[in-house]
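Report on the structure given below.
Residue numbers (the numbering used here): 183 to 672.
What follows is the structure in structure tokens.
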């Protein structure tokens, strides 16, 4: 305790200050948080049934799901858009709702084409071409192509056909009207062109990608109809198209990680543009373990060093834990400690590094006598928070300090809510925050009451706090409660 006094001819002011420091330790264990982190393929609501042995309720759930903050996967364009002006969101809605029930969002990719299911020479169109048939019936052209490395042929859309392009824009408009700003959607890839919608035709001999002007025009259109949801340029959007995307606020993904040297560096342009970066490995974990050089000039051999380098070099916000249907089981089985630690590195990671509470009691005595003319008690909580992740937090965060009772129930807010604007809290940076205010006359000072503690909380909106919801973002500190509030220990 410290005290000070100041006097003049009419009054003597005496102030007593109590300083309460708090002990701080890191959270013990993996830490997933919203709008960052690891994903696994979630092809449908079946992910969450006991029959799926690798799922959250399956017999082979080894807690890899504790690291997963969002699901990802693809949808077929022809299923969502079966006829002109007709849209069927039924199965997508089931998946989004199932994920939401498990506090996960979904990264959406709508594919026009896949070469993955070629079964015979000239297979049925629906096996590989997911462009809605009505588009061809309207006159859009398609061509025969050869599939690299096979004896098979197939048909693909002509990617710059004006009828095809208009149909793609019509679908984008309908998708935006349905899902722009939907909190269940994490981000949406612009998958209009090429195999798997990745903006390349590597295995489709005879199929040619459109001119850059066409690609930029499609990005312009998506940006014009999606005002809220983050859009993503697919893996093979490079050069001037990549620059144009960044100018529109469209970020970049890369699916060549581990397999193609130098690919993590390609995402630095998005990071430097203050946008989240996104990646998948070039193949599943077990495939990469077994292969050294399946790509000429590259390597698919998975190592822990390459995995960590991929995350840190690209300043990843989003990364696939594994992209096979075992949902990370084998990866996590072999690399649990490493994966747990990197859950606190990928994206943002907020750690309270210093915290103390100052209670100042001020009394004013007229004419330097002992009769108190007034007493004022002020509590001030000072904290320092460091972002120990590799990327900023790309959404607004609302920081709240409270006095809570022994059960964690809020007794009173300390000071005002602090808004931390999106992308402003850079990785590696520390910020100081102060919360304080005078204790109302006639009320006991909670700071000195037995059984009263201080709690910190991070919300995604001020409204969430005001309506009594639990915070959704967790600090990387010991003392996390079941409601995600951080209880500071004296």
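Even glycine gets a Cβ: it sits at the ideal position worked out from N, Cα and C.
Can you round the beta-carbon distance between residue 619 and residue 560 to whole angstroms, since I take them to be within the 8 Å contact cut? Contact holds; Cβ gap of about 7 Å.
Could you give the DSSP three-state label for residue 545: helix, strand or coil? DSSP places residue 545 in strand when its eight states are reduced to three.
Using the C-alpha atoms, what's the distance from residue 662 back to residue 584? Going by the C-alpha atoms only, they are around 14 Å apart.
In three-state DSSP terms, what is residue 203? DSSP places residue 203 in strand when its eight states are reduced to three.
Can you check which of these residues, 395, 427, 423, 396, is closest to residue 405 by C-alpha distance? Nearest C-alpha to residue 405: 427.
To the nearest angstrom, report how far apart residue 487 and residue 609 are at their CA atoms. If I take the Cα positions, the gap works out to 21 Å.
Is the stretch 319-339 close to the stretch 384-392, with three or more CB pairs under 8 Å? These segments touch.
What are the boundary residues of the alpha helix (DSSP H) that residue 279 is part of? Run containing residue 279: 272-283, per the alpha helix (DSSP H) assignment.
My guess is that residue 459 and residue 433 are in contact by the Cβ rule of under 8 Å, so how many angstroms apart are they, rounded? The beta-carbon separation of residue 459 and residue 433, rounded to 7 Å, stays under the 8 Å limit for a contact.
Who are the Cβ neighbours of residue 651 in its own chain at under 8 Å, not counting the five residues just before and after it? Only 641 meet the Cβ criterion.
Mind checking who residue 311 pairs with in its DSSP beta bridge? In the DSSP assignment, the residues bridged to residue 311 are 295.
When you compare only the Cα positions, how much space is there between residue 317 and residue 352? Taking the straight line joining both Cα atoms gives about 11 Å.
Thinking C-alpha only, which one of 655, 634, 250 is nearest residue 595? Comparing alpha-carbon positions, the option among 655, 634, 250 lying closest to residue 595 turns out to be 634.
So what's residue 664 in DSSP terms, helix, strand or just coil? Reduced to three states, the DSSP call for residue 664 is coil.
Is any beta-carbon of chain D found at less than 8 Å from that of residue 505? Among the chains in the structure shown there is no chain D, since it carries only a single protein chain.
According to DSSP, is residue 596 helix, strand or coil? In the structure shown, residue 596 sits in coil (DSSP, three-state: anything other than H, G, I, E or B).
Assigned secondary structure, residue 601 (DSSP; H/G/I helix, E/B strand, else coil): In the structure shown, residue 601 falls within a strand segment according to DSSP collapsed to helix, strand and coil.
Could you check what DSSP says for residue 335 in three-state terms: helix, strand or coil? Here DSSP, grouped into helix, strand and coil, assigns residue 335 to strand.
Through-space distance from residue 201 to residue 554, alpha-carbon basis: No answer about residue 554 holds up, because its pLDDT of 43 lies below 50 and its placement is not dependable.
Quick one: what's got a C-beta closer than 6 Å to residue 701's C-beta in the same chain, skipping five residues either side? Since the first residue of the chain shown is 183 and the last is 672, residue 701 is not available in this structure.
Residues near residue 671 by beta carbon distance below 7 Å, same chain, minus five either side: Once the five neighbours on either side are set aside, the close Cβ partners of residue 671 are 204, 205, 661.
Member of 575, 222, 243 whose CA lies at the smallest distance from the CA of residue 456: Per the Cα distances, 575.
Can you tell me the Cβ-Cβ gap for residue 162 and residue 443, rounded? I've got them flagged as a contact below 8 Å. In the structure displayed, the chain extends from 183 to 672; residue 162 sits before or after that span and is not available.
Is the beta carbon of residue 236 sitting closer than 8 Å to the one on residue 230? Contact flag unset, no.
Just verifying my parser: in three-state terms, what is the DSSP assignment at residue 185? Its pLDDT being 42, under 50, residue 185 is placed unreliably in this model, and the value from its coordinates should be taken loosely. For residue 185, the secondary structure class from DSSP, reduced to helix, strand or coil, is strand.
Hey, is the stretch 536-546 in contact with the stretch 246-263, meaning 3+ C-beta pairs nearer than 8 Å? Three or more beta-carbon pairs separated by less than 8 Å are not found between the stretch 536-546 and the stretch 246-263, which leaves the two stretches without contact.
Where does the unbroken alpha helix (DSSP H) through residue 351 begin, and where does it stop? Looking at the DSSP string, the run of the alpha helix (DSSP H) that includes residue 351 is 344-361.
Relative to the C-alpha of residue 468, which residue among 451, 613, 512, 221 is closest? Here the closest residue by C-alpha is 512.
As assigned by DSSP and simplified to three states, the class of residue 370: Assignment of residue 370 by DSSP, reduced to helix, strand and coil, places it in the strand class.
Nearest-angstrom Cα separation, counted from residue 288 out to residue 495: Roughly 25 Å separates the two Cα atoms.
Please determine, among 309, 373, 567, the residue with the shortest C-alpha to C-alpha distance to residue 397. Ranking 309, 373, 567 by CA distance to the CA of residue 397 puts 373 first.
Go ahead and label residue 587 buried or exposed: buried means 16 or more other beta carbons lie within 10 angstroms of its beta carbon, across all protein chains shown. That one is exposed.
Report yes if the C-beta distance between residue 441 and residue 482 is below 8 Å; otherwise report no. Yes, Cβ-Cβ distance for residue 441 and residue 482 is below 8 Å.
Rounded to the nearest angstrom, what separates residue 569 and residue 339 at their Cα positions? Whole-angstrom Cα-Cα distance: 46 Å.
Is the beta carbon of residue 533 less than 8 Å from the beta carbon of residue 658? A contact, by the Cβ cut-off of 8 Å.
Evaluate residue 653 with the Cβ neighbour count: other Cβ atoms within 10 Å of its Cβ, from every protein chain shown; 16 or more gives buried, anything less gives exposed. Of the other Cβ atoms in all chains shown, 16 or more fall within 10 Å of the Cβ of residue 653; this residue is therefore buried.
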